[in-house]
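Novice:
There are 2 protein chains.
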Amino acid sequence: MENVKLLLERITSRVNANLKEFDFDTRQFVDNTIEFAKLARFYCFYGITSHHPIFFHFKNSSMAGSYFLGKANVKQSCIYKSDVRGDELKRKGDIMVAANPLPLVDDEIIMVTGSLLYKTLVHSNSHNPETPEEFTIRNTIASHYANIHGATMEGCFLGPFATADLMNLHSCILGAFSYIQAGEFYHRKIDPGVIWVENDDFKFKYQHEKEVLDKYIGVNENHQPRGLIYEFVNEKEEDYERLFEVVEIEPVKAPQSSAVNRYAVVKPKTEIGENVLISQRAYLKNARMGNGSNAQENTFIINSQLEGMNVTAHGGKIINAFVGQKTFVGFNSFLYGKEKARLTIGKGCIVAPHTIIDIDAPLTIQDNHLVWGYISSEADLATHTIAIEELEGIHGSQKIGNMSFSGSGKAFVEAFANRIEHILEANGAYFDYDSQELSGHAQEDQQIAFNTLQPYRSGENAGIYPSIRIKP
Amino acid sequence: MENVKLLLERITSRVNANLKEFDFDTRQFVDNTIEFAKLARFYCFYGITSHHPIFFHFKNSSMAGSYFLGKANVKQSCIYKSDVRGDELKRKGDIMVAANPLPLVDDEIIMVTGSLLYKTLVHSNSHNPETPEEFTIRNTIASHYANIHGATMEGCFLGPFATADLMNLHSCILGAFSYIQAGEFYHRKIDPGVIWVENDDFKFKYQHEKEVLDKYIGVNENHQPRGLIYEFVNEKEEDYERLFEVVEIEPVKAPQSSAVNRYAVVKPKTEIGENVLISQRAYLKNARMGNGSNAQENTFIINSQLEGMNVTAHGGKIINAFVGQKTFVGFNSFLYGKEKARLTIGKGCIVAPHTIIDIDAPLTIQDNHLVWGYISSEADLATHTIAIEELEGIHGSQKIGNMSFSGSGKAFVEAFANRIEHILEANGAYFDYDSQELSGHAQEDQQIAFNTLQPYRSGENAGIYPSIRIKP
Chain A
28 MENVKLLLER
38 ITSRVNANLK
48 EFDFDTRQFV
58 DNTIEFAKLA
68 RFYCFYGITS
78 HHPIFFHFKN
88 SSMAGSYFLG
98 KANVKQSCIY
108 KSDVRGDELK
118 RKGDIMVAAN
128 PLPLVDDEII
138 MVTGSLLYKT
148 LVHSNSHNPE
158 TPEEFTIRNT
168 IASHYANIHG
178 ATMEGCFLGP
188 FATADLMNLH
198 SCILGAFSYI
208 QAGEFYHRKI
218 DPGVIWVEND
228 DFKFKYQHEK
238 EVLDKYIGVN
248 ENHQPRGLIY
258 EFVNEKEEDY
268 ERLFEVVEIE
278 PVKAPQSSAV
288 NRYAVVKPKT
298 EIGENVLISQ
308 RAYLKNARMG
318 NGSNAQENTF
328 IINSQLEGMN
338 VTAHGGKIIN
348 AFVGQKTFVG
358 FNSFLYGKEK
368 ARLTIGKGCI
378 VAPHTIIDID
388 APLTIQDNHL
398 VWGYISSEAD
408 LATHTIAIEE
418 LEGIHGSQKI
428 GNMSFSGSGK
438 AFVEAFANRI
448 EHILEANGAY
458 FDYDSQELSG
468 HAQEDQQIAF
478 NTLQPYRSGE
488 NAGIYPSIRI
498 KP
Chain B
28 MENVKLLLER
38 ITSRVNANLK
48 EFDFDTRQFV
58 DNTIEFAKLA
68 RFYCFYGITS
78 HHPIFFHFKN
88 SSMAGSYFLG
98 KANVKQSCIY
108 KSDVRGDELK
118 RKGDIMVAAN
128 PLPLVDDEII
138 MVTGSLLYKT
148 LVHSNSHNPE
158 TPEEFTIRNT
168 IASHYANIHG
178 ATMEGCFLGP
188 FATADLMNLH
198 SCILGAFSYI
208 QAGEFYHRKI
218 DPGVIWVEND
228 DFKFKYQHEK
238 EVLDKYIGVN
248 ENHQPRGLIY
258 EFVNEKEEDY
268 ERLFEVVEIE
278 PVKAPQSSAV
288 NRYAVVKPKT
298 EIGENVLISQ
308 RAYLKNARMG
318 NGSNAQENTF
328 IINSQLEGMN
338 VTAHGGKIIN
348 AFVGQKTFVG
358 FNSFLYGKEK
368 ARLTIGKGCI
378 VAPHTIIDID
388 APLTIQDNHL
398 VWGYISSEAD
408 LATHTIAIEE
418 LEGIHGSQKI
428 GNMSFSGSGK
438 AFVEAFANRI
448 EHILEANGAY
458 FDYDSQELSG
468 HAQEDQQIAF
478 NTLQPYRSGE
488 NAGIYPSIRI
498 KP
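Protein sequences appear in the order of chains A and B.
With our numbering as the guide, the letters of the first sequence map in order to residues 28 to 499.
With our numbering as the guide, the letters of the second sequence map in order to residues 28 to 499.
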């Protein structure tokens, strides 16, 4: 066990060195988070398919419950129940950005070095044109259920349920439940609960109030998460246990065009339509998944219906709700309807990332609206929504409630629409079964075999993995 | 799937090239043995402990249900449910033979190349001083439950339930249920059912009659096994299934000084004493395992008691029997007592490898006797046993029934006694819990973690594994 402790100490000191200017010590987080016995007992998985390039290299690392696909290289890191994916890594010859049409000289590879990722998802659609062949996370600690989507991440600390989306961070701290998608940040500290989407054409910003964060998702003095959202996730943890105990599992009933990952929890009365993707660690209970809809990693869909072509982004939670055609539910959103206070969201809506809707009376969001922030009543809704058509007309600055927007509304709407289209296409929502064309994850991720990897059980290396390399 | 077929075709043609002089075509065996769907569905295991050097390299190979420990390198091979061990491989600096006291320049490694091992056990106590750092199996096909114990094996075909013990074979054919331990063989064909133990000091030889082989273990026109022993083993196959389905399994109750491998089947009313080793794919049901006793791979101990310090060598089957203190039951022996016709074997006995005892009336073998061959009654026993003391007195030639012995009886008895001592020591039968001294497999094999490796599921590589390398 000594070597795991040494490993964590090394990671901690490297991250601290990067965050020195903020006088921020990650040691308290690490010391209070890691259960060493579990590191020696649990195991991780590498997915083998004929659709993804295979290259996996582990060294001086500890992993537990984690899930890898595609090319990955993990060194001096501890990855605990993180769903590091690899199915959107670029391939040799791909063009990354139209502005710089040079093809990749090699397949892109996930590189994790000197980092601790704790129950953190890492996606794999990279947006750093500096190193198109490498998807890098270095000297970084990401705490409970932080989302990292396709970005260079160096010397950072991400608080619980924080999301760094389509961007690169260097020596940054992201507060709990903050969402940022703003290109590239150097040496910045982002407050908890900030939702910030910005590019050359527009800027959208909102910050959850302290009381809301205290109730739903905050941290205690040891940087451990607390609050309603964390409790909601935490109490469902044991439902995943059986999935990790068995090597093979009876497949969930689904059409041939749909994929239900074998590490998803699918409870009774769930119905799966055509071209549906249910990712690992998704949780479905009495869920009706319409054609082309998806439930990404760490999502919860309970007593709810998704009409069709719906994206439920990583960590989205939909409870007692109806979600209309092609409505997007953003990352880590917590849509908490009640049995007698159902939430109805019309078609073509955008639920901004990190939105909290917690209602005690029925609530309806009209078709083609954007919602954001914290909504607990009709009254809240009034200051947390805008018709997408109206938004498209905005030029310049506008404030609605605590949300400030500036720039081109049209560009904002287009950016979201493009993102949603990209996700639907990548997930195989438009797959045509007869011609077998337009396939995506829902079709390509069906036949995954898993290499189940365990660490040393005893001795000074307990919890550490031997060096493992898997190639075609 | 095409590439698995190509792999098998390549193995077949290489073995055939080596066996050309015998006009022997292994193609019929291979074509009728391999169930391709299982190769793509099953998986194999690599054991991780802090007691064994770790190096594992797979390439262009297919494996299913197989179990590796220690250093191994597998290329262009198909290994199906074989228990390739590695816990007796020599280490860098070890001295192999007193006659040539040069230390090994590197840890010994199992090298399997261009071979098909079908439900075959491979042990790891090598006896080839030519290549002390390599334990080699090359261009060889071993069929159902053949035992290969620590030997160089090149261009061979081993029939079902055949054993090549402590020796090297080059371009040889071993008939079904034959047991040979005779140094080194080149270009020889051994008949079915031959039991042959020979060294510079003595020669022991027996051959089972054709009728016995036809009843208990023969092959059909496709070289597939048939007969009572094969049926006995085959009908218990499904009891192993649950063991392979789960990643972790509730440990069997056993003293701290004993090891029950998690891939052993242990059925009710079994009792495990101190310093006991139960190996992978051992099968115990209502078995009382006395202190220091062991059940090696592919053994079956049913409704039986082993008094203590007993070796049940690979593939030994003990049913409705009492086995006295320090009695050795040799490889693939079939001791088939009945509920109302129990077999009693005294203490200090040697049951020669490949002995068949099948009785319908109770039978007792006196203390300190050697038995061999086929025994179905008191009358058979008379011509298939000798007191060890009497055997020790033999010089020159002697025939008892169909058994012929020549040379020094004393040397024969000593050789067996040394072998039994080596096995008991290696297995940890003499372990002292207080001082933690004299430990062996029973103690060192307790904390094994397993990497569970799966092949490609679909496409032309279905059934083939990616290249995998595991190092410390």
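Ideal Cβ positions, reconstructed from N, Cα and C, are used throughout, including at glycine.
Who does residue 435 of chain A pair with in a DSSP beta bridge?
Specialist: Along the first sequence, one-based indexing puts residue 435 of chain A at 408. Per DSSP, A/422.
Novice: Count the other CB atoms, across all protein chains shown, that sit within 10 Å of the CB of residue 297 of chain B; report buried if there are 16 or more and exposed otherwise.
Specialist: Indexing the second sequence from 1 puts residue 297 of chain B at position 270. Label assigned to residue 297 of chain B: buried.
Novice: Candidates B/270, B/301 and B/289: which alpha carbon is nearest residue 282 of chain B's?
Specialist: Numbered from 1 along the second sequence, position 255 holds the residue referred to as residue 282 of chain B. Of the candidates B/270, B/301 and B/289, the one whose C-alpha sits nearest the C-alpha of residue 282 of chain B is B/301.
Novice: Could you tell me whether any Cβ in chain B is nearer than 7 Å to the Cβ of residue 136 of chain A?
Specialist: Position 109 of the first sequence, counted from the start, is the residue given in the question as residue 136 of chain A. No - not a single Cβ of chain B is within 7 Å of the one on residue 136 of chain A.
Novice: Taking 8 Å as the cut-off, does the stretch 230 to 241 of chain A touch the stretch 430 to 446 of chain A (at least 3 CB pairs, one atom from each stretch)?
Specialist: Yes, since at least three Cβ pairs between the stretch 430 to 446 of chain A and the stretch 230 to 241 of chain A fall closer than 8 Å, the two stretches touch.
Novice: Residue 4 of chain A CB to nearest chain B CB: under 7 Å?
Specialist: Coverage of chain A is limited to positions 28 through 499, which leaves residue 4 of chain A absent and any answer about it impossible.
Novice: Using a C-beta cutoff of 7 Å, does residue 72 of chain B count as contacting chain A?
Specialist: Residue numbering aside, residue 72 of chain B sits at position 45 when the second sequence is read from its first letter. Closer than 7 Å: no.
Novice: Assign residue 423 of chain A to buried or exposed, taking buried as 16 or more other Cβ atoms, counted over all protein chains shown, within 10 Å of its Cβ.
Specialist: As a first step, residue 423 of chain A must be located in the first sequence, where it is residue number 396. With fewer than 16 Cβ atoms within 10 Å of its Cβ, residue 423 of chain A is classed as exposed.
Novice: According to DSSP, is residue 332 of chain A part of a helix, a strand, or is it coil?
Specialist: As a working mapping, residue 332 of chain A is identified with position 305 in the first sequence. Residue 332 of chain A falls in the strand class under three-state DSSP.
Novice: So which residues of chain E does residue 477 of chain A contact, with C-beta pairs closer than 7 Å?
Specialist: Although the question refers to chain E, the structure presented lacks it and instead comprises the protein chains A and B.
Novice: Identify every run of the beta strand (DSSP E) within the stretch 197 to 258 of chain B, keeping only runs that are complete inside it and at least 3 residues long; order them along the chain.
Specialist: If we require 3 residues or more, the beta strand (DSSP E) runs fully inside the stretch 197 to 258 of chain B come out as 206 to 208, 211 to 213, 221 to 225 and 229 to 234.
Novice: If I follow the unbroken beta strand (DSSP E) through residue 494 of chain A, where does it start and stop?
Specialist: For the purposes of this step, residue 494 of chain A is identified with residue 467 of the first sequence, where counting begins at 1. Segment 494 to 498, the beta strand (DSSP E) holding residue 494 of chain A.
Novice: Can you list, in chain order, the residues of its chain whose CB lies under 7 Å from that of residue 451 of chain A, leaving out five sequence neighbours each side?
Specialist: By one-based count along the first sequence, residue 451 of chain A stands at place 424. Answer for residue 451 of chain A: 319, 336, 338 and 457, listed in chain order.
Novice: Any idea what DSSP makes of residue 127 of chain A, helix, strand or coil?
Specialist: What you label residue 127 of chain A is simply residue 100 of the first sequence in a count that begins at 1. It is a strand residue.
Novice: Taking CB distances under 7 Å as the criterion, tell me whether residue 498 of chain B reaches chain A.
Specialist: The residue labelled residue 498 of chain B in the question sits at position 471 within the second sequence. Chain A, which has a Cβ nearer than 7 Å to the Cβ of residue 498 of chain B, makes this yes.
Novice: Out of curiosity, what's the CA-to-CA distance linking residue 448 of chain A and residue 495 of chain B?
Specialist: Here residue 448 of chain A is taken as the residue at index 421 of the first sequence, counted from 1. Here residue 495 of chain B is taken as the residue at index 468 of the second sequence, counted from 1. Rounded to the nearest angstrom, the two C-alpha atoms are 37 Å apart.
Novice: Indicate whether at least one CB of chain B lies closer than 7 Å to the CB of residue 89 of chain A.
Specialist: Counted from its first residue, the first sequence places residue 89 of chain A at position 62. Residue 89 of chain A does not count as touching chain B.
Novice: Residue 29 of chain B versus chain A: which residues are under 7 Å apart at the beta carbon?
Specialist: One-based indexing of the second sequence puts residue 29 of chain B at position 2. Going along chain A, no residue has its Cβ under 7 Å from residue 29 of chain B, so there is no contact; the nearest lies around 12 Å.
Novice: Buried or exposed: residue 159 of chain B, going by 16 or more other Cβ atoms within 10 Å of its Cβ?
Specialist: Locating residue 159 of chain B in the second sequence gives position 132, where the first residue counts as 1. Buried: at least 16 other Cβ atoms inside 10 Å.
Novice: Is it buried or exposed, residue 127 of chain B, if we count other Cβ atoms within 10 angstroms and call 16 or more buried?
Specialist: On the second sequence, residue 127 of chain B is found 100 positions in, with the first residue counted as 1. Exposed, because fewer than 16 other Cβ atoms sit within 10 Å of the Cβ of residue 127 of chain B.
Novice: How many angstroms separate the CA atom of residue 308 of chain B from the CA atom of residue 88 of chain B?
Specialist: Walking along the second sequence from the start, residue 308 of chain B turns up at place 281. Walking along the second sequence from the start, residue 88 of chain B turns up at place 61. The straight-line gap from Cα to Cα measures roughly 22 Å.
Novice: Residue ranges of each alpha helix (DSSP H) run of no fewer than 4 residues wholly in the stretch 51 to 76 of chain B, ordered along the chain?
Specialist: The stretch 51 to 76 of chain B contains these whole alpha helix (DSSP H) runs: 54 to 60 and 63 to 68.
Novice: Mind pulling the chain B residues with CB within less than 7 Å of residue 488 of chain A?
Specialist: Residue mapping note: residue 488 of chain A aligns to position 461 of the first sequence, counting from 1. 77, listed in chain order.
Novice: In or out: residue 499 of chain A buried (at least 16 other Cβ within 10 Å) or exposed?
Specialist: For the purposes of this step, residue 499 of chain A is taken as residue 472 along the first sequence, with counting starting at 1. Counting Cβ neighbours within 10 Å, residue 499 of chain A comes out exposed, since fewer than 16 surround it.
Novice: Provide the residue(s) that pair with residue 2 of chain B in DSSP beta bridges, ordered along the chain.
Specialist: As displayed, chain B neither begins before 28 nor continues past 499, which places residue 2 of chain B out of reach and without an answer.
Novice: Quick check: what's the CA-CA separation for residue 59 of chain B versus residue 252 of chain B?
Specialist: Position 32 of the second sequence, counting from 1, holds the residue named residue 59 of chain B. Position 225 of the second sequence, counting from 1, holds the residue named residue 252 of chain B. The straight-line gap from Cα to Cα measures roughly 11 Å.
Novice: Name the chain A residues that come within less than 7 Å of residue 106 of chain B, Cβ to Cβ?
Specialist: In the second sequence, counting from the first residue as 1, residue 106 of chain B sits at position 79. Those within 7 Å of residue 106 of chain B in chain A number zero; the least Cβ separation is about 16 Å.
Novice: Are the stretch 138 to 153 of chain A and the stretch 100 to 116 of chain A touching by the rule of at least three beta carbon pairs closer than 8 Å?
Specialist: Touching, yes.
Novice: Between residue 369 of chain B and the rest of its own chain, which residues show a CB-CB distance below 6 Å, the 5 nearest in sequence each way excluded?
Specialist: Residue mapping note: residue 369 of chain B aligns to position 342 of the second sequence, counting from 1. Contacts found: 347 and 389.
Novice: With distances taken Cα to Cα, identify the nearest neighbour of residue 72 of chain B among B/480, B/437 and B/485.
Specialist: Stepping through the second sequence from its first residue, residue 72 of chain B is reached at position 45. Residue 72 of chain B has its Cα closest to that of B/480, out of B/480, B/437 and B/485.
Novice: Look at residue 52 of chain B and residue 43 of chain B and say whether their C-beta atoms are less than 7 Å apart.
Specialist: Counting from one through the second sequence, the residue named residue 52 of chain B turns up at place 25. Counting from one through the second sequence, the residue named residue 43 of chain B turns up at place 16. It is a contact, given that the beta carbons lie within the stated cut-off.
Novice: Cα separation between residue 195 of chain B and residue 224 of chain B?
Specialist: As a first step, residue 195 of chain B is located in the second sequence; it is residue number 168 there, counting from the start. As a first step, residue 224 of chain B is located in the second sequence; it is residue number 197 there, counting from the start. Distance between the alpha carbons of residue 195 of chain B and residue 224 of chain B is about 14 Å.
Novice: CA-CA distance, residue 466 of chain B and residue 147 of chain A?
Specialist: Walking along the second sequence from the start, residue 466 of chain B turns up at place 439. Walking along the first sequence from the start, residue 147 of chain A turns up at place 120. Roughly 42 Å separates the two Cα atoms.
Novice: Under 8 Å, with one C-beta from each stretch per pair, do the stretch 73 to 84 of chain A and the stretch 168 to 188 of chain A reach the 3-pair mark?
Specialist: Touching, no, given that fewer than three Cβ pairs across the two stretches are closer than 8 Å.
Novice: Could you list the residues in the stretch 447 to 479 of chain A with a C-beta less than 8 Å from some C-beta on chain B, going in chain order?
Specialist: Those would be 474, 475, 476, 477, 478 and 479, in chain order.
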